[in-house]
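Working notes, beginning with the structure itself.
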Amino acid sequence: MKSINATNAPEALGPYCHAVVVDNLIFTSGQIPLNQKGEIVSDDVKVQTEQVIENLKKVLEESGASLNNVVKSMIFIKDMNDFQDINSVYGQYFNEHLPARSCVEVARLPKDVKVEIEMIAKIQ
């Protein structure tokens with residue numbers, strides 16, 4: 066087992082790492098829409114979703130994989146009314162390769178953001 070802290074992703078907000086590699090699988094921690102400085106990028110859910118996926122790309126790359134290796138995504142959203150906007154951005158990243166996915170509305174997310182995503186991927 067190996068812990069990953071991506072140098073080009075926003076710093077973790079607590080006592081956890083960006084991802085853990087076990088055998089040939091990568092389990093990412095949930096990412097929220099923070100930029101490299103640790104600031105929320107926007108209040109717009111589409112911009113937030115894009116930032117979250119870009120952060121996950123960085124974590125996956127440092128772990129030895131890419132979005133093409135994702136086998137499962139878990140999406141947590143503040144408001145199910147944002148589902149279509151989140152889905153439209155998500156679909157720009159996953160249009161040929163379609164991992165398994167779940168999406169749930171939650172009462173609250175860290176820093177009151179609108180979306181958080183975690184992924185499981187296979188190392189190339």
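Quick note on numbering: the sequence shown equals residues 66 to 189 in the numbering used here.
Quick reminder that beta carbons are idealized off the backbone N, C-alpha and C, glycines included.
In this text the structure is predicted, and so the values were computed from the model without any measurement.
Within 10 angstroms of its Cβ, does residue i collect 16 or more other Cβ (buried), or is it exposed?
i: residue 189; result: exposed
i: residue 78; result: exposed
i: residue 115; result: buried
i: residue 122; result: buried
i: residue 80; result: exposed
How big is the Cα-Cα spacing for residue i and residue j?
i: residue 90; j: residue 107; result: 32 Å
i: residue 86; j: residue 182; result: 17 Å
i: residue 150; j: residue 67; result: 35 Å
i: residue 135; j: residue 120; result: 14 Å
i: residue 236; j: residue 140; result: There is no way to answer for residue 236, as the model of the chain reaches only from 66 to 189.
i: residue 186; j: residue 157; result: 18 Å
i: residue 166; j: residue 138; result: 5 Å
i: residue 153; j: residue 88; result: 33 Å
What whole-angstrom Cβ distance do residue i and residue j have, given they're in contact under 8 Å?
i: residue 179; j: residue 143; result: 5 Å
i: residue 83; j: residue 70; result: 5 Å
i: residue 76; j: residue 103; result: 6 Å
Let's see if you can read the secondary structure: which residues bound the alpha helix (DSSP H) around residue i?
i: residue 148; result: 148–158
Using DSSP with H/G/I as helix, E/B as strand and the rest coil, what is residue i?
i: residue 111; result: helix
i: residue 97; result: coil
i: residue 176; result: helix
i: residue 121; result: helix
i: residue 90; result: strand
Which residue marks the beginning of the beta strand (DSSP E) containing residue i, and which one marks its end?
i: residue 166; result: 165–170
i: residue 85; result: 84–87
i: residue 139; result: 135–142
i: residue 71; result: Unbroken run through residue 71: none, as it is neither H nor E.
i: residue 181; result: 180–187
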